[in-house]
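*Asks:*
Protein chains: 2
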Amino acid sequence: MRSDWLEAFAVFADAMNFTRAAETLNISQPALHVKIAKLADWLGEPLYHRVGRALVLTQAGARVAVFAREQTARAEAFVAELKTGSSHQPVEFCAGEGAYLHLLGPTISKFLGSREHVLQLLTGDRDRTVDLVLSGRAHLGVTALDAMVAGLAAEPFAVVGQVLVVPEGHRLARRARVTLTDLEGEALVVPPQGRPHRQMLNRMLMDQGVSWRVAVEAQGWDLMLHFAGLGTGLTVVNDFCRVPPGLVARPLGELPGVHYHVVRRAGPLHHAGAAALRDLLVSASTGPAGGP
Amino acid sequence: MRSDWLEAFAVFADAMNFTRAAETLNISQPALHVKIAKLADWLGEPLYHRVGRALVLTQAGARVAVFAREQTARAEAFVAELKTGSSHQPVEFCAGEGAYLHLLGPTISKFLGSREHVLQLLTGDRDRTVDLVLSGRAHLGVTALDAMVAGLAAEPFAVVGQVLVVPEGHRLARRARVTLTDLEGEALVVPPQGRPHRQMLNRMLMDQGVSWRVAVEAQGWDLMLHFAGLGTGLTVVNDFCRVPPGLVARPLGELPGVHYHVVRRAGPLHHAGAAALRDLLVSASTGPAGGP
DNA sequence: AAGAGCTATAATTTAAAATTATAGTACTCA
DNA sequence: TGAGTACTATAATTTTAAATTATAGCTCTT
């Protein structure tokens with residue numbers, strides 16, 4: 007199996023487009039096409055197929071892409087280490103904005119403090135984090151998960167509760183605790199359709215027979231709190247959020263905790279820096295029992 | 007960096023001979039020569055140099071050889087896994103005869119019992135074990151070590167005492183314990199010059215001012231005991247040895263224990279099976295306090 | 001139905017890698 | 001000491017592989 011086939015395939019798998027991948031490789035499109043045909047031939051497996059005019063990786067293709075990225079990264083890292091004496095292949099890590107702001111600060115500082123490794127931070131929601139980790143484009147991630155994902159090793163990192171955020175003068179602000187039924191008839195600031203938090207809220211409120219309406223659709227805790235601060239409606243956010251002046255947070259015990267996990271691809275972690283970061287994260291974990 | 011350069015270099019580094027390596031690769035000697043020249047050129051480092059008419063790897067060359075073997079093995083393992091569905095790349099393990107016979111049996115049985123991995127056993131003395139592990143031709147080893155070895159990660163596995171073996175009728179057979187000075191004037195069955203056990207005996211007896219002479223030079227515990235059984239002389243062996251009929255063993259407390267270690271190359275263990283075997287070995291370890 | 005935006009194949013050119021042949025080097029042994 | 005051996009390194013040549021350009025063909029868009 008020739009390494010240039012793998013390198014070409016790694017680029018192609020990112021682009022899923024022969025023309026553009028060939029451009030980034032600085033070869034002609036037919037040359038790339040032949041390389042990938044040869045790789046598939048040699049492996050005896052089709053690596054992609056067409057769906058309409060789009061190209062989609064086969065299952066084998068996805069595995070080959072992961073391997074190709076790994077193998078190419080290892081070669082690069084080795085050469086760099088041979089020439090400079092020490093490795094500085096970055097650890098690629100992905101998490102969401104909320105996790106970065108409220109859960110990961112100390113661990114990341116500690117990791118960077120040792121100066122042994124270089125850290126490449128990526129930001130992404132749950133789906134992107136899982137995708138980056140599964141496809142080998144990130145070594146590790148931290149994200150909220152509520153179900154197992156095939157091929158992913160997940161270790162519990164933190165459980166975060168949910169709070170209802172209301173204006174100081176609101177009737178519910180006087181209460182120490184609130185229930186979902188208290189939300190009857192309210193307008194809520196919620197994430198757009200399809201986002202996990204929105205789905206969870208929908209389901210829980212429907213279960214309780216609570217009728218409510220959308221005040222604003224906003225993406226991200228900060229934006230949701232901003233709109234709530236403008237008085238457009240109430241909102242429900244993770245309890246690690248700093249609530250802006252004029253608003254107060256009240257625990258919503260009925261809502262399930264958000265389970266953050268440290269995720270990596272199943273199997274051994276090849277990258278020493280990534281392994282070190284994983285160990286730091288797991289040791290900093292607050293476990294499933296408490297909040298941060 | 008092209009993978010065929012690495013594959014060629016891995017073979018060359020084993021043979022240290024262009025002519026023979028080219029034969030095993032089924033290419034002409036000049037073709038191999040050019041491949042390796044290109045690899046060296048691409049890396050900007052000479053990979054070998056001549057000492058007389060022998061070829062010797064440079065330090066960079068040795069590191070490249072390790073990487074080349076790893077990278078080629080990974081590619082093979084991946085393809086095998088892709089085609090057959092599950093990996094069965096063997097775990098390569100090296101230890102000495104004594105360790106196999108008296109220390110490793112249960113752990114190896116247990117490892118094989120799970121049927122998850124295939125084990126490739128190699129036999130070698132300390133130097134060969136260390137060499138195989140350092141050069142990436144074995145994932146793990148168990149061997150006696152009395153000093154750190156650069157690039158090698160060693161974890162204590164077992165400490166084995168030393169016993170003096172004498173014929174049943176011998177004057178020392180009546181004693182429960184013996185000291186080195188009791189050996190004054192005796193003929194001893196010892197390993198050949200240069201072997202670690204011989205060096206240790208030499209030094210310890212010389213320290214005590216004991217004069218002795220060589221009865222037989224024999225390699226290996228069993229052979230040493232065999233000659234001792236023939237009455238050629240006394241011998242000193244590890245206390246895990248089964249002493250043949252007609253001989254008795256007496257502890258030699260003055261001699262230092264032999265410290266067996268689980269060794270691997272420094273850095274993360276890429277091979278999942280090797281990692282599993284290491285964990286088994288370490289958990290089966292009797293630590294520095296006791297014998298097996 | 002024409003056209004845009006690709007992929008895939010063919011024809012041709014260009015480049016690379018193989019081979020054979022041989023000069024050069026270090027050591028061995030009569 | 002000088003012919004012989006066993007090997008490496010380079011050169012010349014042939015063979016093979018991989019690039020390029022050109023273009024046919026497919027799928028969705030407008």
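Protein sequence lines, in the order shown, are assigned to chains A and B.
Residues 7 to 298, numbered by our numbering, are exactly what the first sequence covers, in order.
Residues 7 to 298, numbered by our numbering, are exactly what the second sequence covers, in order.
For glycine and all other residues, C-beta sits at the position ideal for the given N, C-alpha and C.
Quick caveat: nothing in here was measured; it's all calculated off a predicted structure.
1) When you compare only the Cα positions, how much space is there between R256(B) and F246(B)?
2) Any beta carbon of chain B sitting closer than 7 Å to that of H145(A)?
3) Return the chain-ordered ranges of every alpha helix (DSSP H) run that is complete within the region 200-233 of chain B and spans a minimum of 4 residues.
4) Which of the three DSSP states is assigned to L57(A) in this structure?
5) For a contact meaning CB atoms closer than 8 Å, what does G50(A) contact in chain B?
6) Can you pull the chain A neighbours of V85(B), defined as C-beta to C-beta under 8 Å?
7) So, with DSSP's three-state summary, where would you put P294(B)?
8) Less than 7 Å between CB atoms is the rule here; does F99(B) satisfy it with respect to chain A?
9) Let me know the secondary structure DSSP gives T2(B) once reduced to three states.
10) Quick check: what's the CA-CA separation for H232(B) versus P250(B)?
11) T129(B) by DSSP, collapsed to three states: which one?
12) Distance cutoff 7 Å, beta carbons only. Does A81(B) sit that close to anything in chain A?
13) Beta-carbon within less than 6 Å of E13(B)'s beta-carbon, same chain only, minus the 5 sequence neighbours each way: which residues are those?
14) Shorter than 7 Å from the beta carbon of H276(A) to some beta carbon of chain B?
15) For L3(A), which of G142(A), F163(A), R143(A) has the nearest alpha-carbon?
16) Thinking C-alpha only, which one of S289(B), A272(B), T292(B) is nearest S141(B)?
17) With burial defined as no fewer than 16 other Cβ atoms inside 10 Å of the residue's Cβ, what is the status of R284(A): buried or exposed?
18) Find the nearest neighbour of N244(B) within the set A105(B), E29(B), E223(B), L88(B), judged by alpha-carbon distance.
19) Please check the pair L178(B) and L211(B), which I expect to be a contact at CB under 8 Å, by giving their CB distance rounded to whole angstroms.
20) Can you confirm whether the region 61-80 of chain A touches the region 126-142 of chain A when touching is taken to mean that 3 or more C-beta pairs between the two stretches lie within less than 8 Å?
21) Reducing DSSP to helix, strand and coil, say where E162(A) ends up.
22) Using a Cβ-Cβ distance under 7 Å, would A281(B) count as near chain A?
23) State yes or no: is the beta carbon of A14(A) nearer than 7 Å to at least one beta carbon in chain B?
24) Would you call the CB atoms of V40(A) and L53(A) closer than 7 Å?
25) Going by DSSP in three states, V136(A) sits in which element: helix, strand or coil?
26) By the 10 Å Cβ neighbour count, where 16 or more other Cβ atoms means buried, how is S120(B) classified, buried or exposed?
27) For the region 93-101 of chain A against the region 153-172 of chain A, do three or more pairs of beta-carbon atoms, one drawn from each stretch, fall closer than 8 Å, so that the two count as touching?
28) Find the nearest neighbour of W11(B) within the set R26(B), T25(B), E29(B), D47(B), judged by alpha-carbon distance.
29) Please report the residue range of the alpha helix (DSSP H) in which T241(B) lies.
30) Where does A193(A) sit, in a helix, a strand or coil, going by DSSP?
31) Based on Cα-Cα distance, which residue from H108(A), T30(A), V264(A) lies nearest to D228(A)?
32) Can you confirm whether the region 127-137 of chain A touches the region 77-94 of chain A when touching is taken to mean that 3 or more C-beta pairs between the two stretches lie within less than 8 Å?
33) Going by CA-CA distance only, name the one from V269(A), L110(A), V148(A) that's closest to A156(A).
34) For G237(B), collect the residues of the same chain with a Cβ closer than 8 Å to its Cβ; drop the 5 residues on either side in sequence, then sort them by chain order.
35) Apart from the five residues just before and just after Q35(B), which ones in its own chain have a Cβ nearer than 7 Å to its Cβ?
36) Report yes if the C-beta distance between A280(B) and L146(B) is below 7 Å; otherwise report no.
*Replies:* Judging by the given coordinates:
1) Distance between R256(B) and F246(B), taken at the CA atoms: about 12 Å.
2) Cβ-Cβ to chain B under 7 Å: no for H145(A).
3) 202-213
4) Per the sequence presented here, residue 57(A) reads as Val, with Leu not at that position. DSSP places V57(A) in strand when its eight states are reduced to three.
5) What G50(A) touches in chain B: K89.
6) Per Cβ cutoff of 8 Å: M7, L49.
7) Reliability of the predicted coordinates at P294(B) is poor, the pLDDT of 46 falling under 50, and the value obtained from them is presented with this limitation in mind. The answer is coil: DSSP assigns P294(B) none of H, G, I, E or B.
8) no
9) This structure cannot speak to residue 2(B), because chain B is shown only from 7 to 298.
10) 8 Å
11) strand
12) yes
13) Taken in chain order, the residues that qualify are T78.
14) Using beta-carbon distances, H276(A) counts as an interface residue toward chain B, with a partner under 7 Å.
15) Since the first residue of chain A shown is 7 and the last is 298, residue 3(A) is not available in this structure.
16) A272(B)
17) buried
18) A105(B)
19) No, L178(B) and L211(B) are not in contact; Cβ-Cβ is about 15 Å, not under 8 Å.
20) yes
21) Glu is not the amino acid found at residue 162(A); the sequence shown has Pro there. DSSP places P162(A) in strand when its eight states are reduced to three.
22) yes
23) It does not: the Cβ of A14(A) has no partner Cβ on chain B nearer than 7 Å.
24) no
25) helix
26) exposed
27) Taking a contact to require three or more Cβ pairs closer than 8 Å, the region 93-101 of chain A and the region 153-172 of chain A do not qualify as touching.
28) D47(B)
29) That residue, T241(B), is in no alpha helix (DSSP H); its beta strand (DSSP E) goes 240-244.
30) DSSP places A193(A) in strand when its eight states are reduced to three.
31) H108(A)
32) no
33) Comparing Cα-Cα distances from A156(A) to each of V269(A), L110(A), V148(A), the minimum goes to V269(A).
34) For G237(B), where only same-chain residues beyond five positions count, the Cβ hits under 8 Å are P173.
35) Only F24, T25, A28 meet the Cβ criterion.
36) Closer than 7 Å, so yes.
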